[in-house]
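Chains as they are written, first to last, in our numbering: chain A, 1 to 209; chain B, 1001 to 1191. By construction, the Cβ of each residue, glycine as well, lies at the ideal position given by its N, Cα and C atoms. Quick caveat, the model's predicted, so the values are computed rather than measured.
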């Protein structure tokens, strides 16, 4: 094939398609909707949610999970552009918030209660349900990111995983009876790292171009 | 960079970004002008890159075509309020490194900046860049017929629609699918 023949074919394919940012927004919306449906079918909010929303520890879980989703989304948008610097420092925001919350918790809670708050009631449910709620968002986000042009497929896949886990955990937090930052920092983090690892694995395979 | 080169770089940025902006809003003529201007610059880049890696430059035209295909399929990732050249360089570099890897060359090979390279208008004879032709043969059904007609036979979308008894819309869809599949096939060939 002569290069000019190829150029003729490329020029005839005139529609440029969806911008990666809009595709990502659609994927996040669709993924969140799917997670919402699964959440209401399988888990549902905890029974005392009306009381829980008035407590700062409960509300702070959402600050964390939504901040995780937002910072991952911003990084994903940058990674879609081949020439942009990744700017990974944005991912330190959530760990920093969590570290401050842990210090405040340790200062305000007597030492004999630390263990109970750390172990919580249901760490296994947390580690199962967050990945469960994150799976469809992860697939949707990866599909959208295939429209991007990342030069770092595994990193981009991991960031897709963080974003999906942020969505999944935002729903799970409304079901989960454990609100201590000690619990969240441990079990939510483990659950998130499953999803992130899966994202990295899939990304290194499906985000190449 | 010499003064003359700096002038070229600025002129290229201005002209190429304007063409790409027009192309993204559906201007086929501007898009064709852009791709025709890019090809000679990419050819220089590919030849010098392959030569520096000690890979010979017999397949340079295949690399040029793979880069053009990537530019095409990823053009939406250029933000039209950002400079065009860094985006173009990033795409070209990514595909050139891929091509070098395909030949088993790893490690750092200095790659030229497209703002500076002198255009190389000497396309090698057909026989030396048969890669895409071979891969078009691996497309199936309508995509195969459409991509063949429009690229190898140089037919227009309308002529292809009439010839194959399809609507123009269906031809465009099959063309887009075929080009995406071609890009996937070049990557698999690389693995």
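When you compare the CB of residue 1161 of chain B with every CB in chain A, is at least one pair closer than 8 Å? Within the second chain, the letter at position 161 stands for residue 1161 of chain B. No - not a single Cβ of chain A is within 8 Å of the one on residue 1161 of chain B.
Proximity of residue 156 of chain A and residue 74 of chain A at Cβ, strictly below 8 Å: Start at 1 with the first residue of the first chain, and residue 156 of chain A comes out as number 156. Start at 1 with the first residue of the first chain, and residue 74 of chain A comes out as number 74. No, Cβ-Cβ distance for residue 156 of chain A and residue 74 of chain A is not below 8 Å.
In chain order, what residues of the same chain lie with their CB nearer than 7 Å to the CB of residue 71 of chain A, ignoring the 5 residues before and after it? Numbered from 1 along the first chain, position 71 holds the residue referred to as residue 71 of chain A. If we look at residue 71 of chain A and ignore the five residues flanking it on each side, its Cβ neighbours are 90, 91, 93, 94.
Does the beta carbon of residue 14 of chain A come closer than 8 Å to any beta carbon on chain B? Locating residue 14 of chain A in the first chain gives position 14, counting from the first residue. Chain B places a beta carbon closer than 8 Å to that of residue 14 of chain A, counting this residue as a contact.
Closest by C-alpha distance to residue 96 of chain A, when choosing among A:49, A:113, A:181: Within the first chain, the letter at position 96 stands for residue 96 of chain A. Comparing C-alpha distances from residue 96 of chain A to each of A:49, A:113, A:181 shows the shortest one belongs to A:181.
Touch test, the stretch 1147–1166 of chain B against the stretch 1–16 of chain A, Cβ-Cβ under 8 Å, three pairs minimum: The stretch 1147–1166 of chain B, when compared against the stretch 1–16 of chain A, does touch it at the 8 Å Cβ threshold.
Could you name each continuous alpha helix (DSSP H) segment of 4 residues or more that falls completely within the stretch 11–62 of chain A, going from the start of the chain to the end? Complete alpha helix (DSSP H) runs here, min 4: 20–38, 49–52.
is_contact[residue 8 of chain A, chain B] using C-beta, thresh 8 Å: As a working note, residue 8 of chain A is residue 8 in the first chain. Flagged as an interface residue toward chain B: residue 8 of chain A, by a C-beta distance shorter than 8 Å.
Just to confirm the assignment: which complete alpha helix (DSSP H) runs, minimum length 4, are found wholly within the stretch 1023–1072 of chain B? Entirely contained in the stretch 1023–1072 of chain B, the alpha helix (DSSP H) runs reaching 4 residues are, in chain order, 1028–1052.
Hey, how far is the Cα of residue 30 of chain A from the Cα of residue 140 of chain A? For the purposes of this step, residue 30 of chain A is taken as the residue at position 30 of the first chain. For the purposes of this step, residue 140 of chain A is taken as the residue at position 140 of the first chain. Answer to the nearest angstrom: the Cα atoms are 7 Å apart.
Contact with chain A by residue 1154 of chain B, beta-carbon distance below 8 Å: Here the question's residue 1154 of chain B lines up with position 154 in the second chain. Yes, residue 1154 of chain B lies at the interface with chain A (some Cβ there is under 8 Å from its Cβ).
Run through DSSP, which three-state label would residue 176 of chain A get? Locating residue 176 of chain A in the first chain gives position 176, where the first residue counts as 1. Note: residue 176 of chain A maps to coil in three-state DSSP.
In chain order, what residues of the same chain have a beta carbon less than 7 Å from the beta carbon of residue 27 of chain A, not counting five sequence neighbours either side? What you label residue 27 of chain A is simply residue 27 of the first chain in a count that begins at 1. Beyond the five residues adjoining it in sequence on each side, residue 27 of chain A comes within less than 7 Å, by CB distance, of 140, 141, 143, 144 in the same chain, given in chain order.
Quick check on residue 1079 of chain B - is its C-beta less than 8 Å from some C-beta in chain A? Looking up residue 1079 of chain B in the second chain gives position 79. Yes, because at least one Cβ of chain A sits closer than 8 Å to the Cβ of residue 1079 of chain B.
Local conformation of residue 1085 of chain B per DSSP, three classes: On the second chain, residue 1085 of chain B is found 85 positions in, with the first residue counted as 1. Of the three classes helix, strand and coil, the one that applies to residue 1085 of chain B here is helix, per DSSP.
Contact criterion: CB-CB distance below 8 Å. Does residue 1128 of chain B meet it with respect to chain A? Residue 1128 of chain B sits at position 128 when you count from the first residue of the second chain. Bear in mind that a pLDDT of 49 at residue 1128 of chain B, under 50, signals an unreliable position, so the number given afterwards is only what the model happens to contain. It does not; no Cβ of chain A falls within 8 Å.
Report all residues from its chain with a CB closer than 7 Å to the CB of residue 1037 of chain B; omit the five preceding and five following residues, and keep chain order. Residue numbering aside, residue 1037 of chain B sits at position 37 when the second chain is read from its first letter. Annotation for residue 1037 of chain B: 1016 place their beta carbon closer than 7 Å to its own, counting only its chain and skipping 5 residues before and after.
Please report how far the alpha carbon of residue 1026 of chain B lies from the alpha carbon of residue 1156 of chain B, in whole angstroms. As a working note, residue 1026 of chain B is residue 26 in the second chain. As a working note, residue 1156 of chain B is residue 156 in the second chain. In a straight line, the C-alpha of residue 1026 of chain B is about 16 Å away from that of residue 1156 of chain B.
Which same chain residues end up closer than 7 Å to residue 1167 of chain B when comparing Cβ atoms and leaving out the 5 residues on each side of it in sequence? Along the second chain, read from residue 1 onward, the residue named residue 1167 of chain B stands at position 167. Around residue 1167 of chain B, the same chain offers 1161 as residues with beta carbons nearer than 7 Å, after the five sequence neighbours per side are excluded.
Who are the neighbours of residue 1086 of chain B on chain A, taking C-beta pairs under 7 Å? What you label residue 1086 of chain B is simply residue 86 of the second chain in a count that begins at 1. By Cβ distance, chain A contributes 83.
Rounded distance between the beta-carbons of residue 1093 of chain B and residue 20 of chain A, thought under 8 Å: Residue numbering aside, residue 20 of chain A sits at position 20 when the first chain is read from its first letter. Residue numbering aside, residue 1093 of chain B sits at position 93 when the second chain is read from its first letter. With a Cβ gap of about 19 Å, residue 20 of chain A and residue 1093 of chain B do not count as contacting.
How many angstroms separate the CA atom of residue 147 of chain A from the CA atom of residue 23 of chain A? What you label residue 147 of chain A is simply residue 147 of the first chain in a count that begins at 1. What you label residue 23 of chain A is simply residue 23 of the first chain in a count that begins at 1. Taking the straight line joining both Cα atoms gives about 8 Å.
Out of A:108, A:2, A:161, A:200, which has the shortest C-alpha to C-alpha gap to residue 57 of chain A? Translated into positions along the first chain, residue 57 of chain A becomes position 57. The option with the nearest alpha carbon to residue 57 of chain A is A:108.
Please list, in chain order, the residues of the stretch 51–74 of chain A that have any C-beta partner in chain B closer than 8 Å. Cβ proximity to chain B below 8 Å picks out nothing from the stretch 51–74 of chain A.
How many Å lie between residue 191 of chain A and residue 120 of chain A at the Cα? As a first step, residue 191 of chain A is located in the first chain; it is residue number 191 there, counting from the start. As a first step, residue 120 of chain A is located in the first chain; it is residue number 120 there, counting from the start. Using only the alpha carbons, I get a separation of about 15 Å.
Alpha carbon to alpha carbon, what distance is there between residue 114 of chain A and residue 209 of chain A? One-based indexing of the first chain puts residue 209 of chain A at position 209. One-based indexing of the first chain puts residue 114 of chain A at position 114. Residue 209 of chain A and residue 114 of chain A have their C-alpha atoms roughly 49 Å apart.
So, using beta-carbon positions, are residue 76 of chain A and residue 149 of chain A closer together than 8 Å? Here residue 76 of chain A refers to the residue found at position 76 when the first chain is read from its first residue. Here residue 149 of chain A refers to the residue found at position 149 when the first chain is read from its first residue. Taking 8 Å as the Cβ cut-off, residue 76 of chain A and residue 149 of chain A do not qualify as a contacting pair.
Taking only beta-carbon positions, decide if residue 127 of chain A is within less than 8 Å of chain B. Position 127 of the first chain holds residue 127 of chain A. It does not; no Cβ of chain B falls within 8 Å.
8 Å Cβ cutoff met for residue 1164 of chain B and residue 1146 of chain B: As a first step, residue 1164 of chain B must be located in the second chain, where it is residue number 164. As a first step, residue 1146 of chain B must be located in the second chain, where it is residue number 146. Contact flag set, yes.
Start and end of the alpha helix (DSSP H) containing residue 201 of chain A? On the first chain, position 201 is the one that residue 201 of chain A refers to. 189–206 is the span of the alpha helix (DSSP H), which, as asked, contains residue 201 of chain A.
Can you list, in chain order, the stretches of the alpha helix (DSSP H) that have 4 or more residues and sit fully within the stretch 129–179 of chain A? Entirely contained in the stretch 129–179 of chain A, the alpha helix (DSSP H) runs reaching 4 residues are, in chain order, 153–175.
With a threshold of 8 Å between beta carbons, is residue 20 of chain A in contact with chain B? Reading the first chain from its first residue, position 20 is the one you call residue 20 of chain A. Chain B places a beta carbon closer than 8 Å to that of residue 20 of chain A, counting this residue as a contact.
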